[in-house]
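Undergrad: Provided herewith is a single structure, encoded as structure tokens, for subsequent inquiry.
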Ligand SMILES: *Cc1c(COP(=O)(O)O)cnc(C)c1O
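Rendered as structure tokens:
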């Protein structure tokens with residue numbers, strides 16, 4: 001399969017180049033040049049397959065030409081070695097818990113898939129060492145660092161704003177050692193992101209080093225997220241509820257939702273999607289007006305969705321040939337203030353005894369507000385509520401226990417490299433590592 005850029009001046013790029021580069025040279029995002037439809041028989045029997053079997057069929061449709069079957073199976077099963085339970089909240093509302101991976105955030109799946117894919121190319125010796133740069137305001141850094149930990153031939157640099165991430169987030173990428181280096185930047189998240197972007201644009205650095213991004217702009221990070229949309233359908237089909245399935249997705253950079261749109265294109269019988277946002281409602285504004293007007297992001301309690309210019313919007317437009325009507329046909333939207341998010345967490349806890357995190361809460365609420373009578377809704381629960389312990393405890397007035405997996409990180413020893421926010425010093429540093 002070959003890949004094209006959403007900006008249309010780059011085409012015919014191999015999977016390997018797509019993954020190693022992250023972004024196309026014309027600054028567009030890579031899209032596969034075709035989306036293969038899966039056969040009816042697959043959907044008829046999907047409820048008899050395991051998660052690994054389903055994921056392999058989907059992965060094979062995209063990556064099957066580029067990776068041998070055995071290797072692809074290993075990559076898929078290695079990336080998905082944890083449960084993704086579908087929990088019934090009430091008769092028409094289910095939670096797909098995507099947070100049972102090593103860092104308790106849904107980005108674990110994509111990060112682990114991408115690291116294994118890169119390792120495969122390095123192992124085949126068709127690729128030499130790769131340096132992954134990732135700027136984080138918290139959750140991406142931990143998922144990427146843990147996903148790539150110990151993978152030979154890959155070095156990861158996590159840039160994060162000093163003093164501006166929570167302790168529980170910080171320990172998840174500063175205590176790992178091995179091939180993971182945490183760069184503690186004296187600045188804001190925007191400074192971190194600017195340093196990473198400047199590095200990708202710097203021709204001298206790119207001549208010397210294979211620099212790539214592990215954000216959802218990378219095909220290998222976002223595409224594997226389509227697996228769990230198929231899995232949600234399979235699980236609903238088992239209980240006879242898969243007709244008229246609607247999926248609500250808590251969205252920031254829209255990588256996750258885009259993966260769902262790919263699943264629909266592949267034939268998954270999902271009726272429609274709901275994009276759930278916090279106050280950063282650029283996408284909702286687009287749905288309402290047809291105008292895409294990026295804005296500076298505002299801080300909310302669902303902070304992984306504080307995005308003012310969602311990078312995957314370009315992919316959504318590309319997928320629908322720029323048609324606002326067609327996009328509106330498949331996706332509706334809702335946006336919530338912090339106060340509304342808090343109310344959803346409290347109400348769901350009190351009436352269903354189900355504890356939401358602030359991100360999943362947006363998607364849960366979007367189903368309450370947007371589901372029609374004959375539909376069954378699934379919302380994606382993207383993070384464990386204990387990752388937002390203080391916020392959630394204040395809302396429900398009950399202690400939220402921290403799972404063993406998170407506690408284990410707290411015992412590690414923090415090690416970071418201090419960095420100012422000036423590009424020249426970052427560049428000098430990268431040339432020495
Ligand atoms: C990254 C993230 C999101 C948003 O996902 P996108 O693919 O960027 O839209 C939602 N919830 C949590 C917990 C996240 O970490």
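In my numbering, the protein residues as written are 1 to 433. Backbone N, C-alpha and C define an ideal beta-carbon position, used for all residues, glycine too.
#1: Where does the unbroken beta strand (DSSP E) through residue 29 begin, and where does it stop?
#2: Just to confirm the assignment, what range does the beta strand (DSSP E) spanning residue 254 have?
#3: Curious, which full-length alpha helix (DSSP H) runs of at least 4 residues does the region 263-308 contain?
#4: What residue range is occupied by the uninterrupted beta strand (DSSP E) comprising residue 94?
#5: Should residue 252 be counted as a contact of ligand 1 given a C-beta to heavy atom distance under 7 angstroms?
#6: Tell me where the beta strand (DSSP E) around residue 403 begins and ends.
#7: To the nearest angstrom, how far is it from the Cα of residue 212 to the Cα of residue 17?
#8: Is the number of C-beta pairs between the region 87-105 and the region 372-390 that are closer than 8 angstroms three or more?
#9: Which partner residues of residue 5 appear in the DSSP bridge assignment?
#10: With three or more C-beta pairs closer than 8 angstroms as the rule, is the region 360-371 touching the region 274-285?
#11: Between which two residues does the beta strand (DSSP E) containing residue 420 stretch?
#12: Within 10 angstroms of its Cβ, does residue 400 collect 16 or more other Cβ (buried), or is it exposed?
#13: Just tell me which of 22, 355, 429 has its CA closest to the CA of residue 434.
#14: I believe residue 259 touches residue 311 by the beta-carbon criterion, under 8 angstroms. Please report the beta-carbon distance rounded to the nearest angstrom.
#15: To the nearest angstrom, report how far apart residue 174 and residue 190 are at their CA atoms.
#16: Mind checking whether residue 186 and residue 143 have CB atoms under 8 angstroms apart?
#17: Drop a sphere of 10 angstroms on the beta-carbon of residue 201, count the other beta-carbons inside from all chains shown, and report buried for 16 or more, exposed for fewer.
#18: From which residue to which residue does the alpha helix (DSSP H) around residue 155 run?
#19: If you reduce the DSSP assignment to three classes, tell me which class residue 241 lands in.
#20: Report buried or exposed for residue 126, applying the criterion of at least 16 other Cβ atoms within 10 angstroms of its Cβ.
#21: On the three-pair Cβ rule with 8 angstroms, is the region 320-334 touching the region 279-293?
#22: Residue 405: beta carbon under 7 angstroms from a heavy atom of ligand 1?
#23: List the endpoints of the continuous beta strand (DSSP E) containing residue 76.
#24: Do residue 419 and ligand 1 come close, with the Cβ less than 7 angstroms from some heavy atom?
#25: With C-beta atoms as the reference, is residue 76 less than 8 angstroms away from residue 52?
#26: Going by C-alpha to C-alpha distance, which of 231, 32, 319 sits closest to residue 80?
TA: Concretely, from the data shown:
#1: Segment: none, residue 29 is in no beta strand (DSSP E) and carries neither H nor E.
#2: Here residue 254 belongs to no beta strand (DSSP E), and DSSP marks it neither H nor E.
#3: 282-289
#4: 93-97
#5: yes
#6: It is not in any beta strand (DSSP E) - residue 403 carries neither H nor E in the DSSP assignment.
#7: 10 angstroms
#8: yes
#9: 30
#10: yes
#11: 417-420
#12: buried
#13: Because residue 434 is not part of the residues shown, which for the chain are 1 to 433, the question remains open.
#14: Contact doesn't hold; Cβ gap of about 14 angstroms is too wide.
#15: 20 angstroms
#16: no
#17: exposed
#18: Careful: residue 155 lies outside any alpha helix (DSSP H), inside the beta strand (DSSP E) at 154-161.
#19: coil
#20: exposed
#21: yes
#22: no
#23: Looking at the DSSP string, residue 76 is not in any beta strand (DSSP E); the run it does join, the alpha helix (DSSP H), is 69-79.
#24: no
#25: yes
#26: 231
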